[in-house]
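Number of protein chains: 2
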Amino acid sequence: MKAFLRSFFFLLFIFPLNLLAQDPLPSWNEGATKQSIIDFVKAVTTEGSADFVPIPERIAIFDNDGTLWSEQPLYFQFLFAVDQVKVLAPKHPEWKTKEPFKSVLAGSMKGALAGGEKSLLAIMMATHAGMTTDVFNASVKEWIESAQHPKFKKLYTECVFQPMLEVLTYLRANGFKTFIVSGGDIDFMRVWAERVYGIPPEQIVGTKMKLKYQVVDGVPSLLRTPALSLLDDKEGKPVGIHEHIGRIPIAAFGNSDGDFQMLEYTTSASGKRLGLIVHHDDADREFAYDRQSKIGTLNKGLDEGPKRGWIIISMKNDWKKIFSFE
Amino acid sequence: MKAFLRSFFFLLFIFPLNLLAQDPLPSWNEGATKQSIIDFVKAVTTEGSADFVPIPERIAIFDNDGTLWSEQPLYFQFLFAVDQVKVLAPKHPEWKTKEPFKSVLAGSMKGALAGGEKSLLAIMMATHAGMTTDVFNASVKEWIESAQHPKFKKLYTECVFQPMLEVLTYLRANGFKTFIVSGGDIDFMRVWAERVYGIPPEQIVGTKMKLKYQVVDGVPSLLRTPALSLLDDKEGKPVGIHEHIGRIPIAAFGNSDGDFQMLEYTTSASGKRLGLIVHHDDADREFAYDRQSKIGTLNKGLDEGPKRGWIIISMKNDWKKIFSFE
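Line by line, the protein sequences are chains A and B. All residue numbers for the first sequence refer to full-length UniProt numbering, where the first residue is 1 and numbers rise by one. All residue numbers for the second sequence refer to full-length UniProt numbering, where the first residue is 1 and numbers rise by one.
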């Protein structure tokens, strides 16, 4: 009987109070940054409020590299490309003597990138074009399920930011549709993003190769040709947003100057808007870089962002936890 | 008391039975075509069934012109372009003497199209490029809310097929996401498709102009440049599907040979698939045309479709009602 009474009181008093007090963003430290996200969501979801936004217009967009997962020491997709050169090498005997492939196969990233952008493009095209989408997707799947991050010694899909996963869940619980808008290859992300972020393929916007429809022996497929349909970075991001989403999002999360135009496009429109920039300032738990970094350069955004009302998220101060494996 | 008892019996026996017997497709005549749609939906939504498809993969695609609304005597978007030439003429004095504009302004469609594809392209580019997406959308909105169909004397958005609206609702009630995949301009459709079909902008795939992001006096906008990013017709449709949706739909509805590849791509994949072609064979209630028509040519689909298991919908025999205004 005592146990029953205890359960009864627990259910009556403790449980509901606990529910009411449930924190939607437990990995965020209390403070202005966390509060600004919660205040925004309350404003746009409160019926009768001047800032109320109907559910179909609750669109939030997220950059991927450096915003939802890490991007150091190199963009993970480039690390995939390097590994792919090794996988494909037996089919390309000429790579043994041809740069940048020769250096990649010898394990020298410095030599591989000596040729600058041209070398980078050669590596990307050799590993991202000339095959069907099915073959490409299978190679991404195999890699993402086995390759490990050099610093964290974890699968790349474990190097996602726990506080951002909470933001995705919190927004969706409040009627938002969440999209990725990334400079990364659209299909590279689609292979694992639904499982890791809960974002389905049709809500992923990224850099796209021109595709060619072909039917071989009665079997249709799409060939990834070595030409870009869209470079979804900088000025390309608002283009990708309009092409895929067709209306202006009300919230945007980025981390580098590659996200500047996406934040500008989102926050310049009328009505309540939210723009945020993840600042990588935690060398102990992740990496610290901004103005001088070649990967994820954040310079203009640090200066102009605050003037435009964008919130700078300090990973060091605002995030209690960065990765779930900590 | 008698009234109460009557209500009680009504609620207990009549109401539930009525609900169970409710016809999801009331504008469809009973028969094999209607049954094939219902059987497909039952098969993919019955848990434990060999054909069961989880909700995120329940993607259905619909061509627009000739499938969801009429396309005769000319594609409605082309009729918009013709009206737009008249609206824009004051800003283009040179059109008074320059074909195909001279003929359009004189009301001669025959003269306007005498130059074939080149004339058509000139009219489309003059009315669909060189302005921002906002300006273009506003011109579509004004037109679609006022212009009338020459035969039906109704707004174009009233010339939508009631049986197809029922299919859209029926599929969505069964966990499907419905997409348009059309040769029409993506933004032309987005202006009114959410209101008319319940399909939001992010679920519309269409022909796309290359966009250019620009910031004028601090205001961002997207310029529609006179170049195509994607011609979403024939071989372009599977490309548009992959770009925007990222997985193969399980059901596709089309009406012309422009939809052949989209039907082929959808129905060739493994697992239960549904392909349907709307055949315009009702000259009394709508229009009758197929193999010989320049608009909405249906030739290959009529021959090959049935061999591939695609269902040919006879508007005359399968549809009780074509338009809601009948």
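Think of the CB as a built atom: it goes at the ideal place given N, C-alpha and C, for glycine as much as any other residue.
Check whether the Cβ of residue i lies closer than 9 angstroms to any Cβ atom in chain B.
{"i": "Gln261 of chain A", "result": "yes"}
{"i": "Val239 of chain A", "result": "yes"}
{"i": "Gln77 of chain A", "result": "no"}
{"i": "Ser256 of chain A", "result": "no"}
{"i": "Ser139 of chain A", "result": "no"}
{"i": "Glu202 of chain A", "result": "yes"}
{"i": "Val196 of chain A", "result": "no"}
{"i": "Lys208 of chain A", "result": "yes"}
{"i": "Arg58 of chain A", "result": "no"}
Assign residue i to one of three DSSP states: helix, strand, or coil.
{"i": "Pro201 of chain B", "result": "helix"}
{"i": "Ser221 of chain B", "result": "strand"}
{"i": "Tyr265 of chain A", "result": "helix"}
{"i": "Met315 of chain B", "result": "helix"}
{"i": "Pro16 of chain A", "result": "Residue placement at Pro16 of chain A is flagged as unreliable, the pLDDT there being 49, under the threshold of 50; the coordinate-derived value follows with that caveat. It is helical."}
{"i": "residue 342 of chain B", "result": "Outside the modelled stretch of chain B, which goes from 1 to 326, sits residue 342 of chain B, for which no answer is possible."}
{"i": "Leu228 of chain B", "result": "strand"}
{"i": "Tyr75 of chain A", "result": "coil"}
{"i": "residue 327 of chain A", "result": "Residue 327 of chain A lies beyond the range of chain A shown here (1 to 326); nothing can be said about it."}
{"i": "Thr207 of chain B", "result": "strand"}
{"i": "Trp192 of chain A", "result": "helix"}
{"i": "Trp28 of chain A", "result": "strand"}
{"i": "Asp187 of chain B", "result": "helix"}
{"i": "Val167 of chain A", "result": "helix"}
For a quick check, are the C-beta atoms of residue i and residue j less than 9 angstroms apart?
{"i": "Glu243 of chain B", "j": "Leu230 of chain B", "result": "yes"}
{"i": "Phe323 of chain A", "j": "Glu158 of chain A", "result": "yes"}
{"i": "Leu276 of chain B", "j": "Thr33 of chain B", "result": "yes"}
{"i": "Met209 of chain A", "j": "Ala81 of chain A", "result": "no"}
{"i": "Lys177 of chain A", "j": "Arg273 of chain A", "result": "no"}
{"i": "Ala147 of chain A", "j": "Val85 of chain A", "result": "no"}
{"i": "Gly206 of chain B", "j": "Gly240 of chain B", "result": "yes"}
{"i": "Thr225 of chain B", "j": "Pro249 of chain B", "result": "no"}
{"i": "Lys316 of chain B", "j": "Arg285 of chain B", "result": "yes"}
{"i": "Leu74 of chain B", "j": "Tyr156 of chain B", "result": "no"}
{"i": "Pro200 of chain A", "j": "Gly246 of chain B", "result": "yes"}
{"i": "Ala251 of chain A", "j": "Phe101 of chain A", "result": "no"}
{"i": "Leu222 of chain B", "j": "Thr133 of chain B", "result": "yes"}
{"i": "Val191 of chain B", "j": "Val160 of chain B", "result": "no"}
Within 10 angstroms of its Cβ, does residue i collect 16 or more other Cβ (buried), or is it exposed?
{"i": "Ala193 of chain A", "result": "buried"}
{"i": "Ile180 of chain B", "result": "buried"}
{"i": "Asn255 of chain B", "result": "buried"}
{"i": "Gly48 of chain B", "result": "exposed"}
{"i": "Ser103 of chain B", "result": "buried"}
{"i": "Ser270 of chain A", "result": "exposed"}
{"i": "Ile313 of chain B", "result": "buried"}
{"i": "Asp63 of chain A", "result": "buried"}
{"i": "Lys118 of chain A", "result": "exposed"}
{"i": "Pro16 of chain B", "result": "Its pLDDT being 49, under 50, Pro16 of chain B is placed unreliably by the model, and the measurement read from it follows with that caveat. Looking at its Cβ environment, which holds fewer than 16 other Cβ atoms inside 10 Å, Pro16 of chain B is exposed."}
{"i": "Val87 of chain A", "result": "exposed"}
{"i": "Thr67 of chain A", "result": "buried"}
{"i": "Phe253 of chain A", "result": "buried"}
{"i": "Pro163 of chain A", "result": "buried"}
Please tell me whether residue i has its Cβ less than 9 angstroms away from any Cβ of chain A.
{"i": "His128 of chain B", "result": "no"}
{"i": "Pro16 of chain B", "result": "Confidence in Pro16 of chain B is poor, its pLDDT being 49 and thus under 50, which makes the residue's placement unreliable; the coordinate value appears in the next sentence. Chain A contact via Cβ: absent."}
{"i": "Phe101 of chain B", "result": "no"}
{"i": "residue 330 of chain B", "result": "A question about residue 330 of chain B goes unanswered here, because the residues of chain B that appear run from 1 up to 326."}
{"i": "Ile180 of chain B", "result": "no"}
{"i": "Lys91 of chain B", "result": "no"}
{"i": "Asp232 of chain B", "result": "no"}
{"i": "Glu117 of chain B", "result": "no"}
{"i": "Val215 of chain B", "result": "yes"}
{"i": "Pro73 of chain B", "result": "no"}
{"i": "Pro306 of chain B", "result": "no"}
{"i": "Lys272 of chain B", "result": "no"}
{"i": "Tyr265 of chain B", "result": "yes"}
{"i": "residue 411 of chain B", "result": "Lying before the first or after the last residue shown, residue 411 of chain B is absent from chain B, which here runs from 1 to 326."}
{"i": "Asp187 of chain B", "result": "yes"}
Provide the residue(s) that pair with residue i in DSSP beta bridges, ordered along the chain.
{"i": "Gly254 of chain A", "result": "A:Ile277"}
{"i": "Ile59 of chain B", "result": "B:Lys177"}
{"i": "Thr132 of chain A", "result": "A:Leu223"}
{"i": "Val160 of chain A", "result": "A:Trp69"}
{"i": "Leu155 of chain B", "result": "B:Gln148"}
Using 8 angstroms as the cut-off, classify the Cβ of residue i as near or not near the heavy atoms of the ligand FAD, replying yes or no.
{"i": "Asn174 of chain B", "result": "The model depicted lacks the ligand FAD and carries no ligand whatsoever."}
Check whether the Cβ of residue i lies closer than 9 angstroms to any Cβ atom in chain C.
{"i": "Tyr170 of chain B", "result": "Among the protein chains of the structure shown, namely A and B, there is no chain C."}
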